[in-house]
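2 protein chains.
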Amino acid sequence: MATDRDTVLEAAVGVLSRRPTAHLDEIARAAGISRATLHRLFPGRDALIREVGLLGLRRFAAALDTATVEDGDAEAALRRLVDAAVPDAALCAFLAGENQLYDDDSINDLWEVQISRLHALFLRGQQQGVFRIELSAAWLSEAFFDLVAGVGWSIQDGRLAPRDAAFSLAELFLGGALRRPPAPEPGPATPTPSETDMP
Amino acid sequence: MATDRDTVLEAAVGVLSRRPTAHLDEIARAAGISRATLHRLFPGRDALIREVGLLGLRRFAAALDTATVEDGDAEAALRRLVDAAVPDAALCAFLAGENQLYDDDSINDLWEVQISRLHALFLRGQQQGVFRIELSAAWLSEAFFDLVAGVGWSIQDGRLAPRDAAFSLAELFLGGALRRPPAPEPGPATPTPSETDMP
DNA sequence: TAATTCTGAGACGTCCACGTCTCAGATGAC
DNA sequence: GTCATCTGAGACGTGGACGTCTCAGAATTA
């Protein structure tokens, strides 16, 4: 039973990120509460969707804060951001799927702010000579966010181990974004060699 | 006016990929037809959504075919796939957002087939020593598809030039996926140095 | 124990998107 | 020209999700 709002919102994300048209019954059941209690917490469906989006944006903004993306070396900042954002990847997956959904200006503004911070990070990295300049900062921002969303989907569907998420995201993205690709690292604590998938 | 089914479906994708709960009125308007004609082409909303998904899967399967991803060097195969898939990136964006939507087994099976082909490509590339083995083939498949979807979204929103799409996708993804990253290439016909974004 | 608060289950009415139908006008074939 | 075919606009009924309400039972507190 999840009575506090954020817990319910996270349960809602688990359903809405894959089935945006899910009924309130289903969302309530996923949260382990009744439809009545769901209505007590959120006035209606629109309010619920809105708060889910707000929670995602607040979490992503918090990840940008804790990673202090505005400071220091761009590569190190991005690695910090990966670690900070991966725990909330599911929320980012929801945002990626319908970031144009809201008529609300306050949400769109908040969204723009976070994207701008991400864009600035890549722009700074390009100026520092860390990130490739053949790829526009806008594309790097979009691709990074999409990969975070992909991490969220993969974990939800059980196709990616949560422990491997940050490593997989950082290695794949930085490999393509860095101007001087680093030598392949030895791997995470629990390496996932795909040979084990072989018959 | 778009009377043939595929054209209507592509117009529907443009709306549904960003607003999955869009009304049929809106979809019809986006396709330049009336709601009555939309109902003449597709029995109902479920049928429309289903056909959109089927079109996306057929297009992606066709891209895998034309790229002959089962043949030859894995890196070259992936580059061919990029070129073949980018034109239908918008459809992939729709699939990425709600690939678990369908109760229909025929669609899920078709989906699994294509994902398996992608997975096999990465597995073969890893065996060839082309792709990194620290990243699982499953994650590479997911990430590739998510980036294709990201290309679709970016183009739709005008954040990525269609001419740069294939280059941006291939360079970013292969940079992170290849075992021996290639030296940075000079760039596409219309390079997009992000310095031009600077104030 | 007794009182208070909160929740779940269910019933009920409302509203809106959907599906269907009709008909006038446009388009095209002959 | 005539006829056939197709489309758009609009009206209409329906279904189902949604929002509200009530009430019994559980959980918490004193």
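One line per chain: the protein sequences are A and B, in this order.
Quick note on numbering: the working numbering labels position 81 of the first sequence as 105, and the sequence is numbered without any gaps.
Quick note on numbering: the working numbering labels position 135 of the second sequence as 159, and the sequence is numbered without any gaps.
Note that the Cβ used here is the ideal one computed from N, Cα and C, for glycine as well.
Could you check if residue i is buried or exposed, using at least 16 other CB atoms within 10 Å of its CB as the buried criterion?
i	result
B:Q138	buried
B:L88	buried
B:M25	Caution applies to B:M25, whose pLDDT of 43 falls short of 50 and renders its modelled position unreliable; the model cannot decide the point.
A:H47	exposed
A:E136	exposed
A:D128	exposed
A:D181	exposed
B:T220	Here B:T220 scores only 43 on pLDDT, less than 50, and its place in the model is too uncertain to base an answer on.
A:Q152	exposed
A:E94	exposed
B:A60	exposed
A:D112	buried
B:P186	exposed
A:D188	buried
A:M222	With a pLDDT of only 42 at A:M222, under the threshold of 50, the placement of this residue in the model should not be trusted, and no figure is reported.
A:A86	exposed
B:P67	exposed
B:S178	buried
A:S130	exposed
A:G149	buried
A:G96	exposed
B:R64	exposed
A:S58	exposed
B:R29	exposed
A:R83	buried
B:S140	exposed
A:R204	exposed
From the DSSP output, in three-state form, read off residue i for me.
i	result
A:F155	strand
B:L184	coil
A:P215	Any answer about A:P215 is weak, because its pLDDT of 44 lies below 50 and its placement is not dependable; what the coordinates show is given next. Residue state, collapsed to three classes: coil.
Residues of chain B with a CB under 8 Å from the CB of residue i: which are they?
i	result
A:E15	Since the first and last residues shown for chain A are 25 and 223, residue 15 of chain A lies out of range.
A:S140	Those within 8 Å of A:S140 in chain B number zero; the least Cβ separation is about 12 Å.
A:A240	Nothing in the structure corresponds to residue 240 of chain A, since chain A is present only between 25 and 223.
Can you round the beta-carbon distance between residue i and residue j to whole angstroms, since I take them to be within the 8 Å contact cut?
i	j	result
A:A71	A:V154	Not quite, the Cβ-Cβ distance comes to about 42 Å (not below 8 Å), so this is no contact.
B:G38	B:A114	7 Å
B:L171	B:L193	6 Å
B:L81	A:G200	So it is not a contact: roughly 27 Å between Cβ atoms.
A:A173	A:A120	4 Å
A:L102	A:L145	7 Å
A:A162	B:R183	5 Å
A:A52	A:L62	4 Å
A:A36	A:V76	6 Å
A:R42	B:E122	7 Å
Residue i touches chain B at which residues, Cβ-Cβ below 9 Å?
i	result
A:R187	Going along chain B, no residue has its Cβ under 9 Å from A:R187, so there is no contact; the nearest lies around 12 Å.
Run down chain A in chain order and give the residues with a C-beta less than 9 Å from the C-beta of residue i.
i	result
B:E195	R156, E158, L159, G200
B:S130	Result: empty, since nearest Cβ-Cβ is about 19 Å, beyond 9 Å.
Which chain A residues are close to residue i, counting only those with a beta carbon under 8 Å from its beta carbon?
i	result
B:E166	G174, W177, S178, R183, L184
Identify the contact partners of residue i in chain B, using a Cβ-Cβ distance below 7 Å as the criterion.
i	result
A:T45	P44, T45
Could you name the residues of the region 97-121 of chain A whose beta carbon sits closer than 7 Å to any beta carbon of chain B, in the order they occur along the chain?
G121
Along the region 54-83 of chain A, what residues have a CB closer than 7 Å to any CB found in chain B?
none
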